[in-house]
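Each residue of the sequence shown is one higher than the last, beginning at 3 in this note's numbering. For glycine and all other residues, C-beta sits at the position ideal for the given N, C-alpha and C. Computed from a predicted model, the values in this text were never measured in an experiment.
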Amino acid sequence: MECGRWLLGIDIQPHQLIAVALVRRRDGDQLRGWWHFPLRGEATPTRFPADLPQALSALRARLPRRLSVRTAFPVEQAICHTLPGTPPALTPLQQQTWLRAQSERRLMLPASELACDFTRVADSTGSWQVCAIRRTQRDAWCALFAQAGLVLRRLTLLPCALRTLARLVGEAPTVPLIHGDGQRFCWIAPWGQPLQYGCIPCEAGLAAASAAWEAAAPSGEESPPPLLCGHGCGQTGWDPFSLLRHRSAPLPREPAQCCVALGLALMAETPQWTI
């Protein structure tokens with residue numbers, strides 16, 4: 003049990019860093035704090051602002067020694083594919099070997115260059131999903147946090163953190179999500195469906211993000227309105243803090259801004275990376 007350690011979720015957006023810290027208690031999770039740091043350097047989907055190291059160091063100075071740190075890797079740098087079902091009667095080691103070989107074939111990259119995570123698709127096909135990033139990118143990401151005294155225990159993707167949060171809050175498994183960060187909208191498939199997501203520029207508008215999900219949704223299914231979170235939602239966005247049994251005032255005025263950080267803090271520490 004993670005008793006005593008602060009579970010810290012760090013959400014890095016193009017123009018701000020948001021962090022949420024929890025501790026596990028026997029009768030439920032307790033909010034220990036939340037922090038907001040503006041980021042003023044130029045940012046792109048594959049490059050974060052130059053002042054990010056200073057923001058991470060400033061955050062570390064406000065935290066206790068014992069931490070379990072989690073963050074989200076940029077979705078643009080991740081590769082997701084579906085793999086066929088594994089042959090029957092394989093041992094766990096044989097299964098991993100087979101999945102890695104299939105990943106090399108689908109992703110057209112050597113397995114030695116990739117950090118891969120495999121998840122079985124919850125349907126009758128027996129297929130798998132692979133999420134992969136280059137090991138060099140993962141190692142550089144971990145080094146950035148380590149230099150600030152924040153050793154990463156979990157490196158995942160933003161859609162995975164939000165799907166975890168939606169499941170834990172008790173949202174229906176058919177509800178999609180849309181997250182804005184000031185530069186893009188990311189639409190995300192409901193937690194009850196296979197992982198699927200996509201990004202469009204914020205200039206296209208929220209309606210375009212909803213339309214992008216509807217175009218990607220399984221045919222014949224009518225989805226409920228999406229949960230909205232992140233930048234620009236104001237006080238009308240998704241408020242997940244009711245999940246926490248113990249909350250300390252003041253809470254964020256715009257709780258939808260903290261959804262990713264809260265989802266990260268709530269994720270299990272293992273497996274160490276991705277889904």
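Under DSSP, Thr-158 takes part in a beta bridge, and its partners are Ala-74.
Note that the C-beta distance between Cys-188 and Cys-201 is below 8 Å. Separation of the CB atoms of Ala-134 and Cys-144 is rounded to 16 Å, and the pair is thereby denied contact status at 8 Å. The beta-bridge partner set that DSSP reports for Asp-31 consists of Arg-26.
Within the stretch 121-152, the complete alpha helix (DSSP H) segments at least 4 residues long are 137-149, listed from N- to C-terminus. Taking 8 Å as the cut-off, the Cβ atoms of Leu-157 and Arg-140 count as close. Between the stretch 240-256 and the stretch 203-221 there are fewer than three C-beta pairs closer than 8 Å, too few to call the two in contact. The three-state reading of DSSP puts Leu-246 in coil, since its state is none of H, G, I, E or B. Judged by DSSP in its simplified three-state form, Gly-6 adopts coil rather than helix or strand. With a 10 Å radius around the Cβ and a threshold of 16 neighbouring Cβ atoms, Thr-73 comes out buried. The C-alpha of Asp-183 is placed about 24 Å away from the C-alpha of Arg-64.
In the structure shown, the three-state DSSP call for Leu-54 is helix.
Remark: three or more beta-carbon pairs, one from each stretch, lie closer than 8 Å, so the stretch 167-182 and the stretch 227-239 are flagged as touching. Residue pairing by DSSP places Asp-13 opposite Ile-20 in a beta bridge. Contact holds between the stretch 265-274 and the stretch 6-13, because three or more Cβ pairs, one in each stretch, are under 8 Å apart.
If you ignore the 5 residues before and after Gly-87, its C-beta comes within less than 8 Å of the C-beta of Thr-127, Gly-128, Ser-129, Trp-130, all in its own chain and listed in chain order. As DSSP reads the structure, His-181 sits in a beta bridge with Cys-188, Cys-231.
By the neighbour-count criterion, in which a residue is buried when 16 or more other Cβ atoms sit within 10 angstroms of its Cβ, Gln-259 is buried. Counting along the chain, Gly-200 sits inside the beta strand (DSSP E) bounded by residues 199-203. Residue state for Thr-166 is assigned as helix, using DSSP reduced to three classes. For Leu-85, no alpha helix (DSSP H) segment is defined; the enclosing uninterrupted segment is the beta strand (DSSP E) at 81-85. Under the DSSP definition of a beta bridge, Pro-40 partners with Gln-18. Burial state of Val-262 is buried, judged by a 10 Å Cβ sphere holding 16 or more other Cβ atoms. Among the bridge pairs identified by DSSP, Cys-118 is matched with Ala-134.
Counting only residues of its own chain and dropping the five nearest sequence neighbours on each side, Gly-194 has a CB closer than 7 Å to the CB of Pro-175, Thr-176.
In the displayed model, Arg-68 falls within coil according to three-state DSSP, outside both helix and strand.
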